[in-house]
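Asks: Start counting the sequence shown at 381; every next residue gets the next number (this note's numbering).
Every residue, glycine too, gets a C-beta built ideally from N, C-alpha and C.
These figures come from a predicted structure and were not determined experimentally.
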Amino acid sequence: MGAAFRLEERLFKQKNPNGLMRILAIGDLHGTFPSKLRKAVKREKIDVILSVGDYPNTDVLRDLEFKHWSEKKRLEEIVGKTKYRKILKDTIDSANIPMRGMVNLNKRVITIYGNSDILNKEAKKYGFHGFEYQCKKFGIKLLKTDTLNLGSFVLAGFSGYRGAMSKKLTKADSKKKNKIKRYNSKWRKRLDKIFSKTKGERVIFLAHDVPRGYFDKVNYKKSPMHSKHVGDEYFTEYIRKYQPELFLCGHMHEYQGLKKLGGTSIINVGDGAEGKAAVIEIDEGKVKSVKFIR
């Protein structure tokens, strides 16, 4: 896979930077790669796939988290180490399916990671390989807090997810408050860093979470956050300040569409596990069209 990706990388760079480029923006594949998306790549003559993360099937982990939401114990303590280790292994392995599905299309794939992607640091505690290893294995370009040229645009990839406590949506005990404060400070510094790299450029910003107030009201009745607005308020702030041309996101499975915030088009790409995605056409240095696969 690595050699194929390097060849695709060279061919990609040789294209006219102001020429026609067709992007498939996807996310939240959660252990599957629907045939609908495979067909779309061929039908729409896609040049590059951009993913907003969340590759594994996390149904089991999510249901356990919701069930034990108010408990202070870690899931491993609640279900037992042996059972938790098996759940984690199955979750990690399920991410191979959408990754393989994308790279088998012989297109350049660029990704960030979301809240469901299990990183090397966590996986190694249980003797497994994590998300960074999987990206390398399949030849997928991972952006953590990085930029790269994408035709006439700069692609800014921002990995990660701030949880409910960090967003002050749930209460944190006194021991966690300082930890959350430090985490949020680092989050803001990462945003400062990536936008400092893109001054004066036309930017496509790739993130997992939605901005606060846009595609962010929870409709899932089993969620402890039901009916709340749970988007990232920092994203909203930085979009207003820096006005990237496009802000691509996912996470909220119940939404798909485009909303405007100033000069920025905020695009929720839709639930990839249901075959949803966005096709973005760029030509002559401009976003010519955005079409949704529903």
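Going by DSSP, what residue range makes up the alpha helix (DSSP H) through N558?
Replies: N558 -> alpha helix (DSSP H) spans 554-576.
Asks: For G399, count neighbouring C-beta atoms within 10 Å of its own C-beta (all shown protein chains included) and say buried if the count is 16 or more, exposed if not.
Replies: Label assigned to G399: exposed.
Asks: Would you kindly report the start and end of the unbroken beta strand (DSSP E) that includes K656?
Replies: From DSSP, K656 is part of no beta strand (DSSP E); its letter is neither H nor E.
Asks: Per DSSP, what kind of secondary structure is Q394 in: helix, strand or coil?
Replies: Confidence at Q394 is low in this model, with a pLDDT of 44, below 50, so the placement of that residue should be treated as unreliable; the coordinate-derived value is given next. Note: Q394 maps to coil in three-state DSSP.
Asks: Just reading off the beta strand (DSSP E) that D526 is part of, what are its end residues?
Replies: Its beta strand (DSSP E) spans residues 525-530.
Asks: Closest to D473 by C-alpha separation, out of L455, E581, T412, would be which residue?
Replies: Looking at the Cα atoms, T412 is the closest of the given residues.
Asks: Taking one C-beta from the segment 476-494 and one from the segment 428-443 each time, how about it: are there three or more such pairs within less than 8 Å?
Replies: Counting Cβ pairs under 8 Å, three or more are found: they touch.
Asks: Could you give the C-beta distance for F508 and L468, rounded to a whole number, given that I count them as a contact under 8 Å?
Replies: About 7 Å; that satisfies the 8 Å criterion.
Asks: If R418 and L485 are in contact, beta carbons under 8 Å, what's the gap, nearest whole angstrom?
Replies: The Cβ separation is near 7 Å, so the contact holds.
Asks: Would you list the residues sitting across from K640 in a DSSP beta bridge?
Replies: Looking at the DSSP assignment, K640 forms a beta bridge with S645.
Asks: Thinking C-beta only, is A587 closer than 9 Å to F615?
Replies: Cβ atoms of F615 and A587: closer than 9 Å.
Asks: Could you tell me if L626 is buried or exposed, where buried requires 16 or more neighbouring beta carbons within 10 angstroms of its beta carbon?
Replies: Result: buried.
Asks: To which residues of the same chain is D651 closer than 6 Å at the C-beta, ignoring the five residues directly before and after it?
Replies: Hits under 6 Å: D408, H633.
Asks: Between which two residues does the alpha helix (DSSP H) harbouring M479 extend?
Replies: Segment 476-483, the alpha helix (DSSP H) holding M479.
Asks: For N648, count the other beta carbons within 10 Å of its own beta carbon; 16 or more makes it buried, fewer makes it exposed. Which is it?
Replies: Buried is the call here.
Asks: For D663, name the three-state secondary structure that DSSP assigns.
Replies: It is a strand residue.
Asks: How big is the Cα-Cα spacing for R570 and T525?
Replies: Approximately 7 Å, taken between the alpha carbons.
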